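Undergrad: Take a look at this one; I'll ask things after.
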Amino acid sequence: MNTSKILNIILALCLLVLSFKIALKGEETASETTSIKTKNDMKTLLDKTQIGNLNLKNRFIRASIEDRTNQGFIDKEATTELYVNLAKGGVGTILSGYTVIDEREKDMDIFAIYDDRFIDQYTELTQAVKQHGANFLMQLVQLGSNYRIKDELTHEVPGMSAVANLKTGIVPKAMTRDEIKALVDRFAQAAVRAKKSGFDGVEIHASHGYLLHQSATPYYNRRTDEYGGSRENRFRLTIEVYEAIRKAVGDEYPIWIKVHSEDDFEGGITHEDCIYLCKELDKRGIDAIEISGDFWSGRGNKAYYREIAAKIADQISAPVIVTGGNRDFDEMEKMINETNISYLGMARPLMQDPGMIGRYVRGRE
Ligand SMILES: Cc1cc2nc3c(=O)[nH]c(=O)nc-3n(C[C@H](O)[C@H](O)[C@H](O)COP(=O)(O)O)c2cc1C
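According to my numbering, the residues represented by the sequence shown are 1 to 365, in order.
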């Protein structure tokens with residue numbers, strides 16, 4: 001064997017040992033990655049997630065806050081500034097203020113979408129907001145007897161039964177079956193307009209004392225037909241509204257709902273009622289459920305619906321958002337790791353400080 005052959009064999013052996021070492025190192029690196037991955041299994045508030053085909057850049061949702069308008073017509077500059085500031089401020093997803101779907105309720109001077117003529121103003125608004133990387137969903141409501149009267153009541157107020165509203169004193173007219181059908185159709189048409197306006201989805205407002213919430217309570221709903229009495233009957237309207245919207249906007253378009261989880265009056269919503277509704281909607285393909293309830297009577301600075309929201313999240317596959325009292329980022333991060341709650345709704349904190357999420361994100365980078 002000549003010298004050059006011997007040198008070649010030595011070189012080949014060296015290369016073999018070297019590649020062995022690299023392979024071993026590779027394994028070490030892989031297991032390191034695995035252990036980091038295990039740590040990363042902890043959920044964070046900044047996780048990028050998906051709900052259906054909607055991408056969310058973090059787990060923060062701006063919960064709805066009422067907007068000011070002139071009979072549904074927005075002040076373009078002020079409204080755009082408000083929502084663009086929220087989007088620039090870093091929140092991943094924004095829910096609009098509640099939006100009337102019935103012309104009779106236009107004097108509330110909040111957002112309105114009962115007619116095609118509103119589409120243009122929202123098209124410009126959604127484009128401006130989405131440029132800054134936030135999702136934007138429109139919240140739809142039928143106010144019913146939970147109505148703020150300006151001077152005097154000038155319209156016939158729809159309700160399930162003619163029972164005086166505990167807050168406003170308004171006695172609505174009990175809807176006929178045809179009027180119920182018309183109401184369901186109004187929700188569906190409004191959702192179609194929201195979709196045409198560029199909103200990323202709609203949220204049905206079934207909480208806070210408005211008509212869909214009322215329809216589910218034995219107190220306000222004294223009907224003896226298929227819309228009253230048993231739990232199944234009391235939730236029939238809300239489920240019909242969801243189904244009609246789904247049919248009108250298609251399977252891909254996000255439909256969320258804000259539900260009421262408890263009441264402080266006899267004959268109000270119970271946890272069992274709320275769990276029933278969430279399960280029924282989950283079966284039918286609702287995209288996300290926001291858990292709310294009475295938020296105005298000084299509930300304090302902690303997630304006061306955590307317990308019921310966690311209970312619901314354990315029983316359904318749709319993601320659960322908990323809203324009300326979310327103030328402390330560490331607490332929120334603990335909550336999403338200790339429970340199956342996925343998202344955090346915040347209203348008042350973002351009203352006061354729309355840039356707070358962005359600062360939190362920068363602090364974590
Ligand atoms: C001024 C104001 C307006 C609100 N408007 C709406 C609304 O349009 N739709 C709705 O579902 N909730 C509305 N809410 C309730 C919030 O979305 C939220 O459920 C509640 O404020 C609790 O969350 P927070 O503790 O983060 O503020 C409003 C709350 C406030 C303070």
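All C-beta atoms in this analysis are idealised placements derived from N, C-alpha and C, irrespective of residue type, glycine included.
Please read these numbers as outputs of a predicted model, since none were measured by experiment.
1) Could you tell me whether any non-hydrogen atom of ligand 1 is closer than 6 Å to the CB of Tyr98?
2) Would you list, in sequence order, the uninterrupted beta strand (DSSP E) runs of no fewer than 3 residues that lie entirely inside the region 73–122?
3) Which same chain residues end up closer than 8 Å to Glu153 when comparing Cβ atoms and leaving out the 5 residues on each side of it in sequence?
4) Pull up the CB-CB distance for Asp67 and Gly89, whole angstroms please, since I reckon it's below 8 Å.
5) Run the CB neighbour count on Ala164, radius 10 Å, all protein chains shown included, and call it buried at 16 or more, exposed below.
6) Does the beta carbon of Thr238 fall short of 6 Å from some heavy atom of ligand 1?
7) Helix, strand or coil for Ala128, going by three-state DSSP, please let me know.
8) I need the straight-line Cα distance from Ala244 to Val184, nearest angstrom please.
9) Span of the alpha helix (DSSP H) holding Val241?
10) Note down, in chain order, each residue of its chain lying with its Cβ closer than 6 Å to the Cβ of Asp314, except the 5 sequence neighbours on either side.
11) Extract the residue ranges of the alpha helix (DSSP H) inside the region 256–286, only unbroken runs of 4 or more that lie entirely within it.
12) Tell me which residue opens and which closes the beta strand (DSSP E) that Gly201 is part of.
13) Measuring alpha carbon to alpha carbon, tell me which residue in Leu86, Val192, Asp264 and Met351 is nearest Asp251.
14) Under DSSP, the beta strand (DSSP E) around Gly345 begins and ends at which residues?
15) At the level of alpha carbons, what is the spacing between Ala202 and Glu266?
TA: A quick look at the data gives this:
1) Yes, the Cβ of Tyr98 comes within 6 Å of a heavy atom of ligand 1.
2) Here the runs fully enclosed are 93–100.
3) Residue identity check: residue 153 is Leu in the sequence provided, not Glu. If we look at Leu153 and ignore the five residues flanking it on each side, its Cβ neighbours are Tyr147 and Ile170.
4) With 8 Å as the limit, Asp67 and Gly89 do not qualify as a contact, their Cβ atoms being about 17 Å apart.
5) Ala164 is exposed by the Cβ-count criterion.
6) No, Cβ of Thr238 sits at least 6 Å from all heavy atoms of ligand 1.
7) Judged by DSSP in its simplified three-state form, Ala128 adopts helix.
8) Taking the straight line from one Cα to the other gives about 7 Å.
9) Element bounds for Val241: Arg236 to Val249.
10) Leaving aside the five residues that flank Asp314 on each side, the residues in its chain whose CB is nearer than 6 Å to its CB run, in chain order, Asn340.
11) DSSP runs (the alpha helix (DSSP H)) wholly in the region 256–286: 271–283.
12) Where Gly201 is concerned, the enclosing beta strand (DSSP E) stretches over Gly201 to Ala206.
13) Of Leu86, Val192, Asp264 and Met351, the residue nearest in Cα terms is Val192.
14) For Gly345, the enclosing beta strand (DSSP E) covers residues Tyr343 to Met346.
15) A small fix is needed here, since residue 202 is Val in this sequence, not Ala. When rounded, the distance between both Cα atoms is 31 Å.
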